[in-house]
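Last residue of the sequence shown: 577 in this note's numbering, with the numbers rising by one and none dropped.
Below you'll find the structure, written out as structure tokens, and then a few comments.
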Amino acid sequence: MTGTTQDDYTDVYARRVRGMTTSEIRALFAVASRPEVVSLAGGSPYIAALPLDAVGEMLGRLGSEQGTTSLQYGIGQGTVDLRERICEVMALSGIHGASPDDVVVTVGGQQAIDLLARLFLDPGDVVLAEGPSYVGALGVFQAAQAQVHHVPMDEDGLIPEALEEAIAAVARSGRRAKFLYTIPTFQNPAGVTLSEERRERVLDICERAGLLVVEDDPYGMLSFEGDAPLPLRARRREGVFYVSTFSKTFAPGLRVGWILAPHAVREKLVMMSEANVLCPSAFAQAAVTQYLSTMPWREQVKSYREIYRERRDALLTALRDLMPAGTSWTHPTGGLFVWATLPEGLDSKAMMPRAIAARVAYVPGTGFYADGTGRGNMRLNFSFSSPERLREGVRRLAGVMEQELAMRAVFGPAATQPHHRRRGPAAADAPGPDLA
Numbered sequence: 142m143t144g145t146t147q148d149d150y151t152d153v154y155a156r157r158v159r160g161m162t163t164s165e166i167r168a169l170f171a172v173a174s175r176p177e178v179v180s181l182a183g184g185s186p187y188i189a190a191l192p193l194d195a196v197g198e199m200l201g202r203l204g205s206e207q208g209t210t211s212l213q214y215g216i217g218q219g220t221v222d223l224r225e226r227i228c229e230v231m232a233l234s235g236i237h238g239a240s241p242d243d244v245v246v247t248v249g250g251q252q253a254i255d256l257l258a259r260l261f262l263d264p265g266d267v268v269l270a271e272g273p274s275y276v277g278a279l280g281v282f283q284a285a286q287a288q289v290h291h292v293p294m295d296e297d298g299l300i301p302e303a304l305e306e307a308i309a310a311v312a313r314s315g316r317r318a319k320f321l322y323t324i325p326t327f328q329n330p331a332g333v334t335l336s337e338e339r340r341e342r343v344l345d346i347c348e349r350a351g352l353l354v355v356e357d358d359p360y361g362m363l364s365f366e367g368d369a370p371l372p373l374r375a376r377r378r379e380g381v382f383y384v385s386t387f388s389k390t391f392a393p394g395l396r397v398g399w400i401l402a403p404h405a406v407r408e409k410l411v412m413m414s415e416a417n418v419l420c421p422s423a424f425a426q427a428a429v430t431q432y433l434s435t436m437p438w439r440e441q442v443k444s445y446r447e448i449y450r451e452r453r454d455a456l457l458t459a460l461r462d463l464m465p466a467g468t469s470w471t472h473p474t475g476g477l478f479v480w481a482t483l484p485e486g487l488d489s490k491a492m493m494p495r496a497i498a499a500r501v502a503y504v505p506g507t508g509f510y511a512d513g514t515g516r517g518n519m520r521l522n523f524s525f526s527s528p529e530r531l532r533e534g535v536r537r538l539a540g541v542m543e544q545e546l547a548m549r550a551v552f553g554p555a556a557t558q559p560h561h562r563r564r565g566p567a568a569a570d571a572p573g574p575d576l577a
């Protein structure tokens, strides 16, 4: 574009972000995809780490050798071959004895959450979910016209006493929560993991209350420090719906996920899936089946773990070295995300236009609470960018925060928009450089 400067671009970005209303994260990602912007915003896996030549040859063979079936319609529940492979994958996480008959293949983990919402939720129903929680699930629950009650977390994950109180509070209002939606392992967005002891307590509380559990586990294989804790579904068969996906361990573009459901409701889920999408992509299912059957995918998962561990360490080091005093953050032992708490008075949503103008992007904490609070927080992703680019992104972000703090010091609280502060999980002891 003749005559257009970098400042023109960043001004356009800033105006676009200021206008975010109906879908803040969608608009944000459109901006963050620009190459000059260091994105700490998305949750994209590092697909370049895959053996792309071998994957491309595998996909080519699927078309030429199995095209008459892989390019045809399939069945609503998913192919038997893939469901058998899924049971083998779950066994590696500790879920033994699962039957392929109880697995429903979905169009990514997102459709799995949507099907469960369609099955259980009527307008006005209550869902319990961690605070903060996965923005995609919150969107599903909002579309179902359900009310989300957030349950606080700390560095050990969901707080059992808070869960008991939330169940009681809903009961006092004359209603009953339909289910608990939880990401107990390497939680999105907080990065924290529900401790071993709390897993049993949470399950006991839900069992006593007759509360179903929807366990979302997209990150469980991406542990950086030994094996992740056993999933909730590995501990209890009844009352736990297990949701996962191949988006984080293989390829999100294929959109293949699944639900492991109690047998009694499996058929209802299949019927809803057929009404929703007719059938999941036969080609995508065949691709995942071939990948699991013919390629060293376990070694690939190990490779992802090493790459993401290095990038997590790079992000945490940059935060420690560069962030202003009063900033704190979680220390994930797996997954893709760090949850940061800003110095008192800063507003992550109001600050976003200036961050984009500085060519760095993050996700404001407001997207992860159903009531729009969380302005004092932000989610930072470390899986996609190189260690050097992560540090540069933190440098730019820290500069924006320093400017915000300077404005507040000169002009007072009116210099930044007021916000409801919610820390979410207790941040680890991660002071800025001035408090070392």
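Idealized CB from N, CA, C, for every residue including glycine.
Annotation: phenylalanine 382 is outside any alpha helix (DSSP H); the continuous beta strand (DSSP E) that includes it extends over 381–386. Here the alpha carbon of leucine 203 sits roughly 46 angstroms from the alpha carbon of glycine 351. DSSP, read as helix, strand or coil, puts histidine 404 in helix. Given a length threshold of 4 residues, each whole run of the alpha helix (DSSP H) inside the stretch 163–248 is given here in chain order: 165–173, 193–211 and 221–233.
Collapsing the DSSP output to three states places arginine 439 in a helix. In the structure shown, glutamate 296 adopts coil according to DSSP, grouped into three states. A distance below 8 angstroms separates the beta carbons of alanine 423 and tyrosine 214. Taking all protein chains in view, the Cβ of isoleucine 188 is surrounded by fewer than 16 other Cβ atoms within 10 Å, so the residue is classified as exposed. Phenylalanine 552: member of the alpha helix (DSSP H) spanning 528–552, first to last residue. By the Cβ criterion, the stretch 294–301 is not in contact with the stretch 522–533, since fewer than three pairs of Cβ atoms, one from each stretch, lie closer than 8 angstroms. Relative to the Cα of valine 179, the nearest Cα in the group Gly534, Leu419, Pro465 and Pro301 belongs to Gly534. Under the three-state reduction of DSSP output, proline 494 falls in the helix class. Looking only at Pro421, Val406 and Gln441, the smallest Cα-Cα distance to alanine 195 is reached by Gln441.
An exposed status is given to alanine 284, since fewer than 16 other beta-carbon atoms sit within 10 Å of its beta-carbon.
Contact between aspartate 488 and arginine 452 is absent: CB atoms are separated by about 27 angstroms, not below the 8 angstroms threshold.
Of all alpha-carbon atoms in Lys490, Gly249, Asp243 and Ile308, the one lying nearest the alpha-carbon of glycine 513 is that of Lys490. For valine 343, the enclosing alpha helix (DSSP H) has its first and last residue at 337–350. Here DSSP, grouped into helix, strand and coil, assigns tyrosine 322 to strand.
One Cα belongs to arginine 259, the other to threonine 471, and the distance between them is close to 33 angstroms.
Secondary structure note for glutamate 366: it is in no alpha helix (DSSP H), with a DSSP letter that is neither H nor E. Counting along the chain, glutamate 305 sits inside the alpha helix (DSSP H) bounded by residues 301–313. Assigned with DSSP and collapsed to three states, arginine 520 falls in strand. In terms of Cβ geometry, valine 289 and glycine 508 do not form a close pair [threshold 8 angstroms].
Per DSSP, alanine 284 lies in no beta strand (DSSP E); the unbroken alpha helix (DSSP H) holding it starts and ends at 276–284. The bridge partners DSSP lists for aspartate 357 are Val384. According to the DSSP assignment, alanine 270 belongs to no alpha helix (DSSP H) but to the beta strand (DSSP E) extending over 267–272.
Under DSSP, threonine 482 forms a beta bridge with Ser469 and Asn518. For alanine 375, the uninterrupted alpha helix (DSSP H) segment begins and ends at 373–376.
Taken atom to atom, the span from the alpha-carbon of proline 186 to that of threonine 390 is near 8 angstroms. Here aspartate 345 is exposed. Its C-beta has fewer than 16 other C-beta atoms within 10 Å. When DSSP states are grouped into helix, strand and coil, alanine 511 belongs to the coil group. With respect to the 8 angstroms criterion, lysine 319 and valine 245 are not classified as neighbours on the basis of their beta carbons. In this structure the stretch 302–319 does not lie against the stretch 542–554, because fewer than three pairs of beta carbons, one per stretch, are closer than 8 angstroms.
With distances taken between CA atoms, arginine 175 lies nearest to Ile497 out of Pro437, Ser364 and Ile497. When the alpha-carbon of tyrosine 383 is set against those of Ala459, Leu401 and Pro505, the nearest one is in Leu401. Counting C-beta pairs closer than 8 angstroms gives fewer than three between the stretch 226–238 and the stretch 408–418, which falls short of the contact rule.
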